[in-house]
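Participant: The structure's right below; bear with me while I get my questions together.
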Amino acid sequence: MENNAKIEIKDLNLSIGKHHILKNINASIPSNKITVILGPSGCGKTTLLKSLNRLTELYPDVKMHGEICLDGQNILNGRHDVTQIRKRMGLLSQRPYPLPMSIYKNVTYGLRISGRKNKLFLQKRVEHYLREVNLWEEVKDRLKEPAGSLSIGQQQRLCLARGLAVDPAIILADEPTSALDPVSSQAIENMFQHLKQRYTIILVTHILRQAKRIADNVIFMYLGEVVEQGPADAVFENPSKEKTKAYLNGVFY
Amino acid sequence: MKTGNRYRSIQVNRLWREKLHSLWMNIALGIVIILPFLIAIGLLWKSEMLLEEHSLLNLLFSREWKPLSGKFGFYPFIISSLWVTILALLIAAPICLLTAIHLTQYADTWVLKVMHPVIDILAGIPSVIYGVWGILVIVPFISDYLGPLFGKQISGYSILAGAIVLSIMIIPFILNILIEVFKTIPNELSESSLALGATQWQTIKYVLIKKGMPGIISAFGLGLSRAFGETIAVLMVVGNVTRIPTGAFQPGYPLPALIANNYGEMMSIPLYDSALMLAALILFLVVLIFNFASRILIIKMEKRSQ
Numbered sequence: 001m002e003n004n005a006k007i008e009i010k011d012l013n014l015s016i017g018k019h020h021i022l023k024n025i026n027a028s029i030p031s032n033k034i035t036v037i038l039g040p041s042g043c044g045k046t047t048l049l050k051s052l053n054r055l056t057e058l059y060p061d062v063k064m065h066g067e068i069c070l071d072g073q074n075i076l077n078g079r080h081d082v083t084q085i086r087k088r089m090g091l092l093s094q095r096p097y098p099l100p101m102s103i104y105k106n107v108t109y110g111l112r113i114s115g116r117k118n119k120l121f122l123q124k125r126v127e128h129y130l131r132e133v134n135l136w137e138e139v140k141d142r143l144k145e146p147a148g149s150l151s152i153g154q155q156q157r158l159c160l161a162r163g164l165a166v167d168p169a170i171i172l173a174d175e176p177t178s179a180l181d182p183v184s185s186q187a188i189e190n191m192f193q194h195l196k197q198r199y200t201i202i203l204v205t206h207i208l209r210q211a212k213r214i215a216d217n218v219i220f221m222y223l224g225e226v227v228e229q230g231p232a233d234a235v236f237e238n239p240s241k242e243k244t245k246a247y248l249n250g251v252f253y
Numbered sequence: 001m002k003t004g005n006r007y008r009s010i011q012v013n014r015l016w017r018e019k020l021h022s023l024w025m026n027i028a029l030g031i032v033i034i035l036p037f038l039i040a041i042g043l044l045w046k047s048e049m050l051l052e053e054h055s056l057l058n059l060l061f062s063r064e065w066k067p068l069s070g071k072f073g074f075y076p077f078i079i080s081s082l083w084v085t086i087l088a089l090l091i092a093a094p095i096c097l098l099t100a101i102h103l104t105q106y107a108d109t110w111v112l113k114v115m116h117p118v119i120d121i122l123a124g125i126p127s128v129i130y131g132v133w134g135i136l137v138i139v140p141f142i143s144d145y146l147g148p149l150f151g152k153q154i155s156g157y158s159i160l161a162g163a164i165v166l167s168i169m170i171i172p173f174i175l176n177i178l179i180e181v182f183k184t185i186p187n188e189l190s191e192s193s194l195a196l197g198a199t200q201w202q203t204i205k206y207v208l209i210k211k212g213m214p215g216i217i218s219a220f221g222l223g224l225s226r227a228f229g230e231t232i233a234v235l236m237v238v239g240n241v242t243r244i245p246t247g248a249f250q251p252g253y254p255l256p257a258l259i260a261n262n263y264g265e266m267m268s269i270p271l272y273d274s275a276l277m278l279a280a281l282i283l284f285l286v287v288l289i290f291n292f293a294s295r296i297l298i299i300k301m302e303k304r305s306q
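Top line first, the protein sequences correspond to chains A and B. Counting from 1, position 57 in the first sequence corresponds to residue 57 in my numbering; the numbering is continuous, with no gaps. Counting from 1, position 235 in the second sequence corresponds to residue 235 in my numbering; the numbering is continuous, with no gaps.
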């Protein structure tokens, strides 16, 4: 287990102003698995997810200490170029936020800002990643249209393709289906099942059924603390903590 | 039974008052809506006399302004107005854009909190004070330093002086709109860009400015229309010489200054007041069109961002 961990979080604490949001988080995230961070709203799931690619640094008055080791290297110390760290993780947010440009340019954005200009290369990438998220057939004739003209489910898949195009090792997904209809949600879930062969996926959700459907590994959080973590079967079938049991049974306060 | 009646009469009373209130509110609203139309009609009616004698195109593009011999060419004034306004916008635009980006993207929140009242104070200073400041500071600065730098012997009362004063006057106005524009762009959008490995500057350049573009353009449009109509401060430093300016160091005579300087004085000259009213009408229409176009852009942007 230890050797297989893609990300190790050690004694991570995060506070914004006077609010202590993450308290002594210790967790390990295995590679090529879907790890679900589960918990009620406001327990710090999203903050934990965003501290993984250091987006939390943008918040005013934020203080963070502890370690987040990606492949054994602590990414929280200042030596690392934050843009390089972020490129290793694709982010999928609660609602799709397509960039204000064409579908084509959305997919190539990450490549273009890091200096890839070869047209043929970019074209191939666009097709490859749009196929990867099952969007190619729907948009291949309208690549020049603004991304905002797509339906919301399509936009979310486009955002996934955009994230994959920078060739990350990890996918961070923050309740990626909360704005989608059941069919689009299903499509995203299926895609994750397929993508986990090549990527480490971390999914934040408060939907228990979704977690049960796709999780390999679960981190259950409550009020800024990790209550329980481990393989999905163990946590769902045989929870060791009272709070986890309560949440799984839906009797939460 | 008695209480029932009383209750009903209170109820009737209430409804009646409600109607009365909505009536006077509607009247007030009506006045506000009708006012611009009344002004436009009044100006048109007054300038009609001149328009009967000369064609509009002729007046707009004729270079001769000799009221005594009945020649009313607005061309020098229109060109002066364009010079001052566009130059002012060119000075103000980059300052406003960079300041707004800094305040909303880089600066700590307290900086924005401090800046807001400062901007409002700048916006609230009477324009005559800007004019005096222009005479005391900008005009000597141009005649003593800027002019000689370009090898020119000038008084300092010039298009450039007008444009500098004007640009400072429209900065708070444009800045306020731009700050709002950048604030309405959701954080998650810049997070998406940053998560793809973009630097903050790349995010601003490729995403935020693009997303805010309609808002930015309309902020500049509103600034332009405000600059176009500004009178006193410009009039005090711009020189007021009836000539077609060909450079920023030359004096100019913008339309608002023409009206303010002459109305009420040489009214004995035939058609003079009518000519000034036509100048006012032109001013009114230009400002109206700029305002209108900018507002439409803002509305479109808000719709798109929803």
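Idealized CB from N, CA, C, for every residue including glycine. It should be emphasised that the depicted structure is a prediction, and the values quoted were computed from it without experimental measurement.
Output, in chain order, the set of chain A residues within a Cβ distance shorter than 8 Å of Asp108 of chain B.
Facilitator: Those within 8 Å of Asp108 of chain B in chain A are Pro60.
Participant: From the DSSP output, which residues share a beta bridge with Trp65 of chain B?
Facilitator: Trp65 of chain B pairs with B:Phe72.
Participant: Taking only beta carbons into account, state which residues of the stretch 49-68 of chain B come closer than 9 Å to chain A, listed in chain order.
Facilitator: Taking 9 Å as the Cβ-Cβ cut-off against chain A, none of the residues of the stretch 49-68 of chain B qualify.
Participant: Given Ser127 of chain B, which residues of its chain have a CB within under 7 Å of its CB, disregarding the five upstream and five downstream residues?
Facilitator: Within the same chain, Ser127 of chain B has close Cβ partners Met169, Glu230, Ile232, Ala233.
Participant: If you run the structure through DSSP and keep just helix, strand and coil, what is Ser28 of chain A?
Facilitator: The answer is strand: DSSP assigns Ser28 of chain A an E or B state.
Participant: Quick check on Val251 of chain A: does DSSP put it in helix, strand or coil?
Facilitator: In this structure, Val251 of chain A counts as coil in the three-state DSSP scheme.
Participant: Can you look up Met267 of chain B in the DSSP assignment and give me helix, strand or coil?
Facilitator: Looking at Met267 of chain B - three-state DSSP - the assignment turns out to be coil, as it is neither helix nor strand.
Participant: Which residue wins for smallest C-alpha separation from Ile25 of chain A, given the options A:Phe220, A:Glu127, A:Leu70, A:Asp71?
Facilitator: It is A:Phe220 whose Cα lies nearest to the Cα of Ile25 of chain A.
Participant: Give the interface partners of Tyr202 of chain B over in chain A, defined as CB-CB distance under 7 Å, in chain order.
Facilitator: The sequence given here places Gln at residue 202 of chain B; Tyr does not occur at that position. Within 7 Å Cβ-Cβ: Ile113.
Participant: Closer than 8 Å by beta-carbon distance: list the chain B residues that pair up with Lys87 of chain A, in chain order.
Facilitator: Within chain B, the residues near Lys87 of chain A are Leu196, Gly197.
Participant: So what's Glu8 of chain A in DSSP terms, helix, strand or just coil?
Facilitator: In this structure, Glu8 of chain A counts as strand in the three-state DSSP scheme.
Participant: Quick check: the Cα distance between Ser294 of chain B and Arg226 of chain B, rounded to an integer number of angstroms?
Facilitator: Taking the straight line joining both Cα atoms gives about 12 Å.
Participant: Per DSSP, Gln229 of chain A is paired with what?
Facilitator: The partner list for Gln229 of chain A (beta bridge, DSSP) reads A:Ile219.
Participant: Pull up the distance between the alpha-carbon of Pro270 of chain B and that of Gly70 of chain B, whole angstroms please.
Facilitator: Going from the Cα of Pro270 of chain B to the Cα of Gly70 of chain B covers about 8 Å.
Participant: Could you list which residues in chain B have their beta carbon closer than 9 Å to that of Thr177 of chain A, in chain order?
Facilitator: Under the 9 Å cutoff, chain B gives no residues; its nearest Cβ is about 16 Å from Thr177 of chain A.
Participant: Are the Cβ atoms of Arg229 of chain A and Asn238 of chain A separated by less than 9 Å?
Facilitator: One point to set straight first is that residue 229 of chain A is Gln, not Arg, in the sequence displayed. No.
Participant: State the DSSP-derived secondary structure class of Gln156 of chain A, mapped to helix, strand or coil.
Facilitator: Three-state result, Gln156 of chain A: helix.
Participant: Roughly how many whole angstroms lie between the Cα atoms of Leu248 of chain A and Lys19 of chain B?
Facilitator: About 57 Å.
Participant: Give the residues of chain B in contact with Leu55 of chain A, contact being defined as C-beta atoms less than 8 Å apart.
Facilitator: By Cβ distance, chain B contributes Glu191, Leu194, Ala195.
Participant: Using a C-beta to C-beta distance shorter than 9 Å, which residues of chain A count as neighbours of Glu188 of chain B?
Facilitator: Simply Ser93, Gln94, Arg95, Tyr97.
Participant: How about Thr99 of chain B and Leu175 of chain B: are their beta carbons less than 9 Å apart?
Facilitator: Taking 9 Å as the Cβ cut-off, Thr99 of chain B and Leu175 of chain B qualify as a contacting pair.
Participant: Under a Cβ-count criterion, where at least 16 other Cβ atoms within 10 Å of its own Cβ denotes burial, should Gln154 of chain A be classed as buried or exposed?
Facilitator: So Gln154 of chain A ends up on the buried side.
Participant: Determine whether the beta carbon atoms of Pro256 of chain B and Leu235 of chain B lie at a separation below 9 Å.
Facilitator: Yes; because the gap between Cβ atoms is below 9 Å, this pair is in contact.
Participant: Three or more beta-carbon pairs under 8 Å between the stretch 166-185 of chain A and the stretch 86-94 of chain A, yes or no?
Facilitator: Yes, the stretch 166-185 of chain A touches the stretch 86-94 of chain A.
Participant: Quick check on Gly90 of chain A: does DSSP put it in helix, strand or coil?
Facilitator: It is a strand residue.
Participant: Under a CB-based cut-off of 9 Å, is Arg278 of chain A close to chain B?
Facilitator: Because residue 278 of chain A is not part of the residues shown, which for chain A are 1 to 253, the question remains open.
Participant: Alpha helix (DSSP H) containing Glu67 of chain A: first to last residue?
Facilitator: No alpha helix (DSSP H) contains Glu67 of chain A, which is instead part of the beta strand (DSSP E) from 62-70.
Participant: In whole angstroms, give me the CA-to-CA distance for Asn187 of chain B and Ile85 of chain A.
Facilitator: So the two alpha carbons sit approximately 20 Å from each other.
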